[in-house]
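If you count by the working numbering, then the sequence shown holds residues 10 to 125, one letter each, in order.
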Amino acid sequence: MSHFAAKVISLYFNSFKRDKWEAYVQEIEALGVTVDNFTAVLQNVDGRVGEILKYSDQNRRQLAKDWYLVDSNNRYVQYWSLAQCVVIVATSAVQVYFVRKLFEVKKVTPTLKPRA
């Protein structure tokens, strides 16, 4: 890929509100569920969701990289194909010109006869 091509940057932010989390913990304690066990399960789930988001982000970046690579290769091939077509047309025109010139017959008049 070109060093001068446009670059895409993706950022991922994850946040939560502390007061809502504390209210949620108090509600769970009121229900009699052990918070330690519950928070351990939630941390485990949060860690796995984080891993999934990481892999998803990596796949998205790899897909974007592959797309830009395919796009640049496509443009490269198209430009060279167009250049080769122009060269073929130009050489054909030159060949036609020289073949016509080869079979060109000059008109001979009595004053322009070749001398022996």
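C-beta: ideal position from N, C-alpha, C; glycine also.
| query | If you follow the alpha helix (DSSP H) that Val-117 is part of, which residue opens it and which one closes it? | reply | Careful: Val-117 lies outside any alpha helix (DSSP H) and carries neither H nor E.
| request: Consult DSSP for Lys-29 and reduce its assignment to one of helix, strand or coil. | output: helix
| said: Suppose you measure from the CA of Asp-66 to the CA of Trp-76; what does that come to, to the nearest Å? | reply: Asp-66 and Trp-76: Cα-Cα distance of roughly 15 Å.
| said: Among the candidates Arg-57, Val-34 and Glu-60, whose CA atom is the shortest distance from the CA of Thr-48? | reply: Val-34
| field | CA-to-CA distance, Ala-102 to Arg-109, given in whole angstroms | value | Roughly 11 Å separates the two Cα atoms.
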